[in-house]
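Sequences listed follow chains A and B, in order. Taking my numbering, the leading residue of the first sequence gets 1, the next gets one more, and so forth. Taking my numbering, the leading residue of the second sequence gets 1001, the next gets one more, and so forth. Every residue, glycine too, gets a C-beta built ideally from N, C-alpha and C. Computed from a prediction, not measured in an experiment: that's the story for all the values here. Here is the structure we will look at.
2 protein chains.
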Amino acid sequence: MYAYTRDVPDPHHPTRDQIQLEAVLTALGHPLRMNVLRVLAEGGEYPCGAIVDGVSKSTLTHHWRVLRESGVINQRASGRTLLLSLRRDDLDARFPGLIDVLLSSHTPAEAR
Amino acid sequence: MYAYTRDVPDPHHPTRDQIQLEAVLTALGHPLRMNVLRVLAEGGEYPCGAIVDGVSKSTLTHHWRVLRESGVINQRASGRTLLLSLRRDDLDARFPGLIDVLLSSHTPAEAR
DNA sequence: TAGAATGTACGTGGATAGTCGTACAGTTCA
DNA sequence: TGAACTGTACGACTATCCACGTACATTCTA
């Protein structure tokens, strides 16, 4: 099992019941993170470095943490990469229709 | 017509097309503002001071601005009060189903 | 017309977000 | 085993958020 450091053995993922609406909204209120949602909504798992360009690694780590701790994504270790995936089932169970609405709300102006 | 100051004759309300999904999500990512949404969703207009308790007037002004500039609420002058209402039609037109989903996502833990 | 009522403007201070560079830990593979 | 690779940890910096007190503009009313 992949360990991040001796002190923080596991990345924190909230359980389904711990996912808070506010935290999800705040997480998705950032254009970079909203774009990540759109990419991950296609399905499958992506390494951290394969979704966003033009941002430093440490900045990405920050955004992964926001998405992970709000319950939007899951991070799973695989070899030397972390695979990201959308917690679609949990989000749909907790907030039925929310993700569908967000994905269907096409707003090109934000698509940077 | 009510004027706020000589320099800022009108409060800024984005047009329907200018409403950005991110801005709405960020605005509703704060518990106080989410509660305001729930109150206003009942319908009708409320004076600024009739919705939230325990917060200073200037703090409220800050939150009204966030809600107004994101396109969530409308502020209309009436005598010496400003009447707040939800821009339900605009939000429903721009992001069909979003408000419904948010209102039906009951999350008691956030109901402070 | 003077005082009360409503709500904004402005300035301030502390907390949080967002970005980066550097260092480092774990994994893979030549 | 050692170097390359992937991603986090940490510290620093800037910008924005959030809350407040005070001052003020507007409106209503006694």
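(request) Please specify which runs of the beta strand (DSSP E), each continuous and at least 3 residues long, are wholly inside the segment 1058-1090 of chain B, giving them in chain order. (result) Whole beta strand (DSSP E) segments, 3+ residues: 1073-1078, 1081-1086.
(request) Determine, using beta carbons only, whether V55 of chain A comes closer than 8 Å to chain B. (result) False, the Cβ-Cβ gap to chain B never drops below 8 Å.
(message) Strictly under 8 Å for the Cβ-Cβ distance: is G49 of chain A near chain B by that measure?
(response) It does not: the Cβ of G49 of chain A has no partner Cβ on chain B nearer than 8 Å.
(message) Spatial neighbours of L32 of chain A within its chain, please: C-beta separation below 8 Å, excluding the five flanking residues on both sides.
(response) Residues V52, V55, H63 of the same chain have their beta carbon placed closer than 8 Å to that of L32 of chain A, with the five preceding and five following residues left out of the count.
(request) Give me the Cα-Cα distance between V1101 of chain B and C1048 of chain B, rounded to the nearest whole angstrom. (result) Using only the alpha carbons, I get a separation of about 25 Å.
(message) Per the DSSP calculation, P1047 of chain B is bridged to which residue(s)?
(response) Answer by DSSP bridge pairing, in chain order: B:L1083.
(message) Rounded to the nearest angstrom, what separates A1109 of chain B and I19 of chain A at their Cα positions?
(response) With a pLDDT of 47 at A1109 of chain B, under the threshold of 50, the modelled position of this residue cannot be trusted; read the value that follows with caution. So the alpha carbons of these two residues sit roughly 10 Å apart.
(message) Taking the alpha carbon of P1014 of chain B as the reference point, which residue from B:A1050, B:L1040, B:R1087, B:L1028 has its own alpha carbon closest?
(response) Ranked by Cα distance from P1014 of chain B, the first of B:A1050, B:L1040, B:R1087, B:L1028 is B:R1087.
(request) Leaving aside the five residues before and after A150 of chain A along the sequence, list all residues of the same chain whose C-beta is less than 8 Å from its C-beta, in chain order. (result) Nothing about residue 150 of chain A can be read from this structure; chain A reaches only from 1 to 112.
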